[in-house]
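>
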Amino acid sequence: MCGIIGCVGREDDTLDVLVHGLSKLEYRGYDSAGVALSGDRVDVCKKSGKIEDLKGALEPRSIGGAAGIGHTRWSTHGPPTDANAHPHLDCTGDVAVVHNGIIENYQSLRDELVAVGHTFKSDTDTEVVPHLVEDALADGADNEAAVREAIDRLDGSYAVAVVVSGDDTIYAARNDSPLVLGIDDEDEGRPAYYLASDVPAFRDFTDRVVYLADGEFATLSADGWRVSDVDGNAVDKDVDTVDWDPEETGKSGYDHFMLKEIHEQPRAIRQCLRGRVDEMAATVDIGDLGDLSPTGVQFVACGTSYHAALYGANLLRNAGIPAQAFLASEYATSPPPIGDALVVGVTQSGETADTLSALREARKRGARTLAVTNTVGSTVARECDHELYIRAGPEIGVAASKTFASQLAALNLFTLGTTRVDGKRDIISALRDLPSNIQAILDESQAKAVAETYVDSDAYFFIGRGLQYPVALEGALKMKEITYKHAEGFAAGELKHGPLALVTEDTPVFAVVTGDGEMARKTIGNVKEVEARNAPVVAVTDGQSDVGRYVDAVLEVPETHPQAAAVLANVQLQLVSYYVADELGRSIDKPRNLAKSVTVE
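Numbering-wise (this note's numbering), the sequence shown opens with residue 1386 and increments by one.
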């Protein structure tokens, strides 16, 4: 959800680093933003709205300090106002705190603090933290001990960063919400240290990172960094190197990150497949995952990742393995019988709270777990028994695009590598052709013209069968997320069981029809049903069937294996949603009410 940035050791440009980091994290929350710098005193500036609003508020001010923290907010407790923006202060103004997550016992803590004279200025759960630190300091604790005492009182999920006046140190802790350190001490003349909720915040300054685990506490000062456990014992941490270039988090000349990331899908797929497939030998190498040999699989996921999970479950069932996909939020609170099933969590960020809860419940019941994720060092990768990285590279646009395509490719590899699949050579060949086929769509798509034709529609329906059903769901989700238009996805055969009542001449239906088999023929029958109600129909098709005879527009995809055809069809639907949103002037990269990484349940 929200984004945290912190830095020490940058001397005179601490504020510039914080604002730059916040601009890189705005995809995680953009209801409000703020910074706090600690020197002889704590200087705070915060503003509702976007980063540009914060920059405007900073222009007439002169604030500085050797240690600084910043925050960009996605609202949970309280509306997006200046008062509710982070950082939050204690009564003395000497303690500033930023926080991601939800403090579940904040109301009881707040009541307790108010009863002893503390004054609160916001609606947030976060504000209890600086007041708890204030009380501990008043009782004689040193700064680190005071922060530890405050953290120890919290129930729930949190990533917390604290600065105190007169102290050039950042104190930080995490539980169920990500925090990563950036280490830039190779230049002995000017070592600097960073912390953030995601690497892009400081990637322009260093590629050396340390991922904090739940329950760990970090201190950062110009003299160095230290990580310890809940008892204060030092924890040895590996310093990893990020293998992507900071330019990957820029727009590279595109109008929006989402369009750039749609166009990055050929490269993302190549990265996913590299070193894992041998077309000549018709083999897939996914390391020790190939030894899993699952007898049953339960997927848990949310949003776009859930649609990828539905696709993956379909692949496994086609390979003879019983498989189901569950919404992680439902699984976590009412899990089905697990038995010998492998439980697979699909999550782009690796920090999705509902998915982590579902996987933890599965592990309590003795299940083996696998993480399918994009983020090395993420919580899900550390907690699961196995991990399969999709290798999509950084994705900044809130609405997932290239990560979905890479999830589909990775789930194909998982199926091919762990089961006996008929026609394996043909599937591998189709996967290897995906980058060039996606590029052909990007070069030749008529999605912009289709979007311009139907931009004023009342609603949009998406239908598909089999492997194309999750693509229909994803097409509808993209339309909802970035256009704010009503959109629904259906299994094609279900349209006549109720939803057809909503079909009018102002509700275009996007039908995904590939191949010329029974599924294609039945979907064409559904197309005729909506055509008879005067609804416009757009077919996403490879031309193998005669669906083009019955529709108003065609979006073409290259002919390929059915498993790869779903990936191609999705690209056309992504482009339609993008161009509709662009025509409507929507905030495509930062759609209202949404954030990239959902770290609260």
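Using N, Cα and C, we set each Cβ at its ideal position, and we do this for glycine too.
Under the rule that 16 or more other beta-carbon atoms within 10 Å means buried, what is VAL1624, buried or exposed?
In the sequence shown, counting from the first residue as 1, residue 1624 sits at position 239. VAL1624 comes out exposed.
> Using only alpha-carbon positions, find the residue among ALA1832, ALA1954, GLU1941 that is nearest to GLU1859.
For this step, residue 1859 is matched to residue 474 along the sequence shown. Here the closest residue by C-alpha is ALA1954.
> Is DSSP giving LYS1435 helix, strand or coil here?
As a position in the sequence shown, residue 1435 is number 50, starting the count at 1. In this structure, LYS1435 counts as coil in the three-state DSSP scheme.
> Here's the rule I'm using: 16 or more other beta-carbon atoms within 10 Å means buried, otherwise exposed. How should THR1477 be labelled?
Counted from its first residue, the sequence shown places residue 1477 at position 92. Result: exposed.
> What whole-angstrom Cβ distance do LEU1816 and ALA1794 have, given they're in contact under 8 Å?
For the purposes of this step, residue 1816 is identified with residue 431 of the sequence shown, where counting begins at 1. For the purposes of this step, residue 1794 is identified with residue 409 of the sequence shown, where counting begins at 1. At roughly 6 Å, the Cβ-Cβ gap stays under 8 Å, so LEU1816 and ALA1794 are in contact.
> Short of 8 Å in beta carbon distance, which residues of its chain neighbour THR1754, apart from the five on each side in sequence? Order them along the chain.
Within the sequence shown, numbered from 1, the residue matching residue 1754 stands at position 369. Hits under 8 Å: LEU1727, VAL1728, VAL1729, GLY1730, LEU1744, ALA1747, ARG1748, GLU1768, CYS1769, ASP1770, HIS1771.
> Nearest-angstrom Cα distance between LEU1498 and VAL1514?
Residue 1498 sits at position 113 when you count from the first residue of the sequence shown. Residue 1514 sits at position 129 when you count from the first residue of the sequence shown. Taking the straight line joining both Cα atoms gives about 10 Å.
> Can you list, in chain order, the residues of its chain with a C-beta nearer than 6 Å to that of PHE1602? Leave out the 5 residues immediately preceding and following it.
As a working note, residue 1602 is residue 217 in the sequence shown. Taken in chain order, the residues that qualify are ALA1558, SER1613.
> Leaving aside the five residues before and after ASP1475 along the sequence, list all residues of the same chain whose C-beta is less than 7 Å from its C-beta, in chain order.
Locating residue 1475 in the sequence shown gives position 90, counting from the first residue. If we look at ASP1475 and ignore the five residues flanking it on each side, its Cβ neighbours are PRO1515, HIS1516, VAL1518, GLU1519.
> Tell me the DSSP bridge mates of TRP1459?
Here residue 1459 is taken as the residue at index 74 of the sequence shown, counted from 1. Partner(s): none; TRP1459 has no beta bridge.
> Where does PHE1684 sit, in a helix, a strand or coil, going by DSSP?
Working through the sequence shown from its first residue, we reach residue 1684 at position 299. Here PHE1684 sits in strand by DSSP.
> Does DSSP classify TYR1696 as helix, strand or coil?
One-based indexing of the sequence shown puts residue 1696 at position 311. In this structure, TYR1696 counts as helix in the three-state DSSP scheme.
> Nearest to TYR1716 by CA position, among ASP1537, TYR1691, GLN1733, is which residue?
Sequence index remark: in the sequence shown, residue 1716 carries index 331 (1-based). When only C-alpha atoms are compared, the closest one is TYR1691.
> For ALA1924, count neighbouring Cβ atoms within 10 angstroms of its own Cβ and tell me buried if that reaches 16, exposed if not.
Here residue 1924 is taken as the residue at index 539 of the sequence shown, counted from 1. Buried.
> Under the assumption that ALA1544 contacts GLY1486 (Cβ atoms under 8 Å), give the Cβ distance between them as a whole number of angstroms.
For the purposes of this step, residue 1544 is taken as residue 159 along the sequence shown, with counting starting at 1. For the purposes of this step, residue 1486 is taken as residue 101 along the sequence shown, with counting starting at 1. The Cβ separation is near 6 Å, so the contact holds.
> Using a Cβ distance threshold of 8 Å, determine whether the region 1963–1980 contacts the region 1640–1659, with at least three qualifying pairs required.
At 8 Å Cβ cutoff, the stretches touch.
> Can you name the residues that DSSP bridges to LEU1522?
Locating residue 1522 in the sequence shown gives position 137, counting from the first residue. Answer is none; LEU1522 lacks a bridge partner.
> Please work out which residues of its chain come closer than 6 Å, Cβ to Cβ, to PHE1505, disregarding the five sequence neighbours upstream and downstream, and give them in chain order.
On the sequence shown, position 120 is the one that residue 1505 refers to. Excluding residues within five positions, the ones whose Cβ falls inside 6 Å are GLU1512.
> If we ignore side chains and look at the alpha-carbon of each, how far apart do THR1740 and VAL1783 end up?
Sequence index remark: in the sequence shown, residue 1740 carries index 355 (1-based). Sequence index remark: in the sequence shown, residue 1783 carries index 398 (1-based). For THR1740 and VAL1783, the distance between alpha carbons rounds to 18 Å.
> Using only the alpha-carbon positions, how far apart do PRO1884 and MET1904 sit?
For this step, residue 1884 is matched to residue 499 along the sequence shown. For this step, residue 1904 is matched to residue 519 along the sequence shown. If you take the alpha carbons of PRO1884 and MET1904, they lie about 20 Å apart.
> Decide if LYS1913 is buried, meaning its Cβ has at least 16 other Cβ atoms within 10 Å, or exposed.
Stepping through the sequence shown from its first residue, residue 1913 is reached at position 528. Exposed.
> At a cut of 8 Å, does the region 1392–1405 reach the region 1451–1466 through at least three beta carbon pairs?
Taking 8 Å as the limit for Cβ pairs, the verdict is that the region 1451–1466 does touch the region 1392–1405.
> Grouping DSSP H, G and I as helix and E and B as strand, with all else coil, what is CYS1430?
Translated into positions along the sequence shown, residue 1430 becomes position 45. If DSSP states are grouped into helix, strand and coil, CYS1430 belongs with the strands.
> State the Cα-Cα distance for the pair LEU1443 and ARG1426, rounded to the nearest angstrom.
Here the question's residue 1443 lines up with position 58 in the sequence shown. Here the question's residue 1426 lines up with position 41 in the sequence shown. Looking at the two C-alpha atoms, the distance is approximately 17 Å.
> What residues are listed by DSSP as bridge partners for CYS1392?
Counting from 1 along the sequence shown, the entry for residue 1392 is found at position 7. Bridge partners of CYS1392: GLY1453, TYR1579.
> Which of the three DSSP states, helix, strand or coil, is assigned to SER1742?
Position 357 of the sequence shown holds residue 1742. It is helical.
> Enumerate in chain order the residues of its own chain whose CB-to-CB distance from LYS1787 is below 8 Å, with the five nearest sequence positions on each side excluded.
Taking the first residue of the sequence shown as position 1, residue 1787 is located at position 402. Excluding residues within five positions, the ones whose Cβ falls inside 8 Å are GLU1646, ILE1647, GLU1649, GLN1650, ALA1653, ALA1777, GLY1778, GLU1780.
> Using a Cβ-Cβ cutoff of less than 8 Å, which residues in the same chain neighbour ALA1861 once the five nearest sequence positions on both sides are dropped?
Against the sequence shown, residue 1861 aligns to sequence position 476. If we look at ALA1861 and ignore the five residues flanking it on each side, its Cβ neighbours are TYR1845, PHE1846, PHE1847, ALA1872, GLU1873, GLY1874.
> Please report how far the alpha carbon of GLN1709 lies from the alpha carbon of ASP1479, in whole angstroms.
Here residue 1709 refers to the residue found at position 324 of the sequence shown. Here residue 1479 refers to the residue found at position 94 of the sequence shown. So the alpha carbons of these two residues sit roughly 52 Å apart.
> Write down the C-beta distance between ILE1867 and SER1734 rounded to the nearest angstrom, noting that I regard them as a contact closer than 8 Å.
On the sequence shown, position 482 is the one that residue 1867 refers to. On the sequence shown, position 349 is the one that residue 1734 refers to. Rounded, the Cβ-Cβ distance is 19 Å, inconsistent with contact.
> So, at 7 Å on beta carbons, what are the nonlocal neighbours of ALA1535 in its own chain, with the 5 sequence-adjacent residues on each side left out?
Looking up residue 1535 in the sequence shown gives position 150. Correct list, in chain order: VAL1514, LEU1517, VAL1518, ALA1521.
> Alpha carbon to alpha carbon, how far is VAL1501 from THR1626? Give it in angstroms, no decimals.
One-based indexing of the sequence shown puts residue 1626 at position 241. One-based indexing of the sequence shown puts residue 1501 at position 116. Those two C-alpha atoms are separated by around 47 Å.
> Name the residue from LEU1410, GLY1434, ASN1822 whose alpha carbon lies nearest to the alpha carbon of ASN1469.
For the purposes of this step, residue 1469 is taken as the residue at position 84 of the sequence shown. Measuring from the Cα of ASN1469, the nearest candidate turns out to be GLY1434.
> Below 8 Å on the Cβ atoms is my guess for LEU1700 versus LEU1819; work out the distance and round it to an integer in Å.
Within the sequence shown, residue 1700 is the residue found at index 315, counting from 1. Within the sequence shown, residue 1819 is the residue found at index 434, counting from 1. No, LEU1700 and LEU1819 are not in contact; Cβ-Cβ is about 15 Å, not under 8 Å.
> Less than 8 Å between the beta carbons of SER1814 and GLU1664, yes or no?
Here residue 1814 corresponds to residue number 429 of the sequence shown, with the count starting at 1. Here residue 1664 corresponds to residue number 279 of the sequence shown, with the count starting at 1. Contact flag set, yes.
> Based on DSSP bridge pairs, tell me the residues matched to ILE1488.
In the sequence shown, residue 1488 corresponds to position 103, counting from 1. DSSP lists GLY1541 as partners of ILE1488.
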